[in-house]
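In the numbering used here, the protein residues as written are 1 to 93. Note that the Cβ used here is the ideal one computed from N, Cα and C, for glycine as well. Below is one structure, written out as structure tokens, with a few remarks after it.
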């Protein structure tokens, strides 16, 4: 939504994001054909890691909650990389 699509990040900055870890709490069962909404809220932005809190909702009822850490890596090597200053500034809302 901020104009930093994965293809742009890879092409301009040689970076991408990978899931570093996820801690998930399953609170209620979800069934096939349930209408679910995923809500993601950014918790913190570090030099190379972004932490999100995510909830899967069925209406007003939470089905699951998670804390997801994504890491910035160089596409060419998959080694850790700093999040570009331009992106960090945009995320600082």
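With a threshold of 8 angstroms on Cβ separation, who are the neighbours of residue 90 within its own chain once the five nearest residues in sequence on each side are excluded?
2, 3, 4
Which whole-angstrom value describes the C-beta separation of residue 66 and residue 54, a residue pair presumed to lie in contact below a C-beta threshold of 8 angstroms?
5 angstroms
If you pair each beta-carbon of the segment 69 to 87 with each one of the segment 11 to 21, do three or more pairs fall below 8 angstroms?
yes
Grouping DSSP H, G and I as helix and E and B as strand, with all else coil, what is residue 46?
Assignment of residue 46 by DSSP, reduced to helix, strand and coil, places it in the coil class.
How close, in whole Å, do the beta carbons of residue 51 and residue 57 come, if the pair is a contact with beta carbons under 8 angstroms?
Not really, about 20 angstroms apart at Cβ, beyond 8 angstroms.
Please state the DSSP three-state secondary structure of residue 58.
strand
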